[in-house]
Amino acid sequence: IAASAGSFNAAAQIIQPLSPVANLRGPLRTSVPDMVPLWIDWDNLQANFKLWWPLPRRISLEAEGLSGQTDPADDTDPVQLFSAGKASGQLQPNGEDIDYLGSFGDLEVDPDAIGGRVLPALDASGDVTLKNGVALIGTQVKSLRGQAIEIRNLDLSSGTARITVSGPLSVDAEGLVNADLIIRLKDPKAVAAILGSAIPEQKSQIEQGFSALAVLGNEPSMPLKVVRGKASLGFIPLGKIKPVE
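Given below as structure tokens:
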């Protein structure tokens, strides 16, 4: 794994020496085995730290004008991946766990990055806990097996359409996913229109499925359960999720 970035400047007030503020210039170039090299850039990126021992109490990042593309090693043209007007994230220990708060605004995913599919500009926010996250720091995690998260709130919206997810999710030692989630929708017709444009080959099925939700009102909610990889939405079976490596 390799990464490089531009200049890094940090400063702290005399009265708050353990709370430095840092500014990092882009681009960030990454190289990870079995993954396409990436070039990530931004107009402004600021990091705030609350330092302590043995772990920081909090690390916060705020970025403006964020964008990403592939970073080919040969002469081929890079593929634009995404751009976002703003993004932020915060990590902090919570006992043996790690809490994450994050959001982004005006995210635009390039159609070439997702097989020509079209998505509108999106806003999102998340509040998630990585179970036993402190023990994972400094270790080389090679698999998602044995990992678990608690999703307090995961929100994705565009215009009046909104999807919110909450609940626990885990991957067992065999790579099978288990989850007990609640899915909440706002303006299901608008959500269906977005999904139909993004997955045109499933448009009719999506429209039929969401039309059935009309009896539940404009803000329905339903359980999404996954038991050893077998997923169901309410009483509707969704199929089996392949084991995670």
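Quick note: the sequence shown, position 12, residue 31 per my numbering, numbers continuous.
In this text, a Cβ means the ideal position worked out from N, Cα and C, and glycines have one as well.
Nothing here was measured: the structure is a model prediction, and the numbers come from that model.
C-beta atoms of residue i and residue j nearer than 8 Å
i    : j    : result
Q111 : P97  : no
E238 : R203 : yes
A192 : G152 : no
A211 : I225 : yes
S102 : E127 : yes
A140 : S177 : yes
I255 : V196 : no
D118 : G104 : no
G215 : K205 : no
Q99  : A132 : yes
V190 : V246 : no
A233 : A209 : no
G145 : G121 : yes
R77  : Q109 : yes
I182 : L188 : no
A217 : V137 : yes
D116 : K150 : yes
Segment limits, beta strand (DSSP E) that includes residue i
i    : result
K205 : V196 to K205
P56  : P56 -> no beta strand (DSSP E), and no H or E assigned at all.
G121 : D116 to V128
T148 : L141 to L149
D174 : A167 to S177
P187 : A180 to V190
F68  : N63 to K69
G236 : Counting along the chain, G236 falls outside any beta strand (DSSP E), and DSSP gives it neither H nor E.
K161 : That residue, K161, is in no beta strand (DSSP E); it is neither H nor E in DSSP.
L43  : V40 to L43
V245 : S240 to V246
A250 : K249 to L252
K259 : I255 to K259
L47  : L47 to S50
Where the alpha helix (DSSP H) through residue i begins and ends
i    : result
A154 : G152 to L155
K222 : K222 to S230
Residue i burial status per 10 Å Cβ neighbour count (16 or more: buried)
i    : result
P207 : buried
D60  : buried
G157 : exposed
I213 : buried
L155 : exposed
G45  : buried
L64  : buried
Rounded Cβ spacing between residue i and residue j (contact assumed at less than 8 Å)
i    : j    : result
T148 : N113 : 7 Å
A41  : A66  : 4 Å
A198 : G186 : 7 Å
W58  : L37  : Between L37 and W58 the Cβ distance is about 33 Å, and since that is not below 8 Å, they are no contact.
D90  : P52  : Not a contact, Cβ separation roughly 15 Å.
Q. Can you list the beta strand (DSSP E) stretches of 3 or more residues lying completely in the segment 72-119, in chain order?
A. 77-89 and 99-113
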